[in-house]
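Just below is one structure, and these are the notes that go with it.
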Ligand code: CUA
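Residue numbers (my numbering): 140 to 464.
Given below as structure tokens:
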């Protein structure tokens, strides 16, 4: 049977907008192709070698025509450029209140974690009607997180958090792909996205997921706090610190901090991650050791991406607290 859809289903707000751009581009392409080809065919037939037509006084210049074929396509090209650039910019600028889901790509599977701690593999459950932000990182090589039904994808690279977002608007089951060749089993790095009604999603979350999802042992924050304690981070960060004076973590997420080299940096996911793995990269002013390096031990090779993700969730949860010196 014919079961080979040429177009992916549309299941997000973005999908409608991007499809509209796609069809306008297609229509313009067809229109200009027709103009050129119909013109060529008419001229070829009319002025064929055996035709008896008037070939004298052939015009070789028409300012009106030249202006028209420059200005009209020029306006169209700029309109398409600004329209597409706007869509592209929006695609990668998640709204502030978006529901955040962390994704880790590894050879060869997708691993997702919801804020309440529910984890799932090669599956992603999302609700309709809300903006969903994906913060993704790779544990090994470059992957790409792609959901054709949402018309969205983003490279998932090692060493950096990449974000994308979408607003699902049609419940159903849609395909999830890795669209960056990442080794032998790249083609098996696929899964399913389940779009659910918000109340169903809430029930699913509270039930601790289903399918490949594992029941949480606490929210990401709580798990992050555990990791934080296990690693002894609180010995230096926090009010009980006695050994080494370390910058307080309360109330820092999303804020600007002054660095020892005079620059400033926004405390975001990437900065926290970098500071855990390589603390000397960007040292907060006033907390530097000899030759402006950090007094903290680098945790490169000690913590994995899952743990870093959890620690970040914990530090984010401290965003509204007052720093304790
Ligand atoms: Cu991961 Cu291809």
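Every residue, glycine too, gets a C-beta built ideally from N, C-alpha and C.
Inset, instruction - Would you list the one or two residues that DSSP bridges to residue 294? - result: Partner(s): 283.
Inset, instruction - Report yes or no: do three or more beta-carbon pairs, one from the segment 293-310 and one from the segment 254-274, lie closer than 8 Å? - result: The segment 293-310, when compared against the segment 254-274, does touch it at the 8 Å Cβ threshold.
Legend entry - Whole-angstrom distance between residue 240 and residue 448, CA atom to CA atom: 11 Å
Legend entry - Where residue 179 sits in the DSSP three-state scheme: helix
Legend entry - Residues near residue 415 in its chain [Cβ-Cβ closer than 7 Å; skip 5 each side]: 438, 442, 447, 450
Inset, instruction - Can you tell me which of the three DSSP states residue 172 falls into? - result: helix
Legend entry - Whole-number beta carbon distance between residue 288 and residue 485, since they are thought to touch under 8 Å: Since the displayed the chain opens at 140 and closes at 464, residue 485 lies outside it and no answer follows.
Inset, instruction - Measure the alpha-carbon distance for residue 143 versus residue 333 and round it to whole angstroms. - result: 21 Å
Inset, instruction - Compute every distance between the C-beta of residue 375 and the non-hydrogen atoms of the ligand CUA, then say whether any falls below 7 Å. - result: no
Legend entry - Distance between residue 391 and residue 411 (C-alpha atoms, nearest Å): 10 Å
Inset, instruction - Return yes when the C-beta of residue 200 is under 7 Å from any heavy atom of the ligand CUA, and no when it is not. - result: no
Legend entry - Nearest neighbour of residue 123, chosen from 359, 387, 358 [CA to CA]: Shown here, the chain extends from 140 to 464; a query on residue 123 therefore has no answer.
Inset, instruction - Please indicate yes or no: does the CB of residue 319 lie closer than 7 Å to some heavy atom of the ligand NAD? - result: You won't find the ligand NAD in this model; what it holds is the ligand CUA.
Inset, instruction - Tell me residue 275's beta-bridge partners as DSSP assigns them. - result: 242, 301
Inset, instruction - Report yes if the CB atom of residue 296 is closer than 8 Å to the CB atom of residue 273, and no otherwise. - result: no
Inset, instruction - Could you name the residues that DSSP lists as bridge partners for residue 263? - result: For residue 263, DSSP records a beta bridge to 332.
Legend entry - Beta-carbon contacts of residue 236 that lie in its chain and below 8 Å, excluding the five residues immediately before and after: Cβ within range, chain order: 270.
Legend entry - the ligand CUA heavy atom lying under 7 Å from the CB of residue 328: yes
Inset, instruction - Compute every distance between the C-beta of residue 298 and the non-hydrogen atoms of the ligand CUA, then say whether any falls below 7 Å. - result: Outside the cutoff, so no.
Inset, instruction - Could you name the residues of the same chain whose beta carbon sits closer than 6 Å to that of residue 89, not counting the 5 residues immediately before and after it, in chain order? - result: No statement about residue 89 is possible, as the shown extent of the chain runs from 140 to 464 and does not include it.
Legend entry - the segment 189-208 in contact with the segment 150-164 per 3-pair CB rule at 8 Å: Cβ pair count under 8 Å is below three, so no.
Inset, instruction - Taking only heavy atoms of the ligand CUA into account, decide whether any of them is closer than 7 Å to the Cβ of residue 331. - result: Because no heavy atom of the ligand CUA lies under 7 Å away, the Cβ of residue 331 does not count as near it: no.
Inset, instruction - Could you pull out every unbroken beta strand (DSSP E) segment of at least 3 residues lying fully inside the segment 201-245, listed in chain order? - result: 238-245
Inset, instruction - Compute every distance between the C-beta of residue 250 and the non-hydrogen atoms of the ligand CUA, then say whether any falls below 7 Å. - result: no
Inset, instruction - Measure the C-alpha to C-alpha separation of residue 340 and residue 176 and round it to an integer number of angstroms. - result: 53 Å
Inset, instruction - Taking residue 323 as the reference, give the member of 361, 282, 335 with the closest Cα. - result: 282
Inset, instruction - Could you name the residues that DSSP lists as bridge partners for residue 388? - result: In DSSP, residue 388 forms no bridge with anything.
Inset, instruction - May I ask you to report which of helix, strand or coil DSSP gives residue 151? - result: strand
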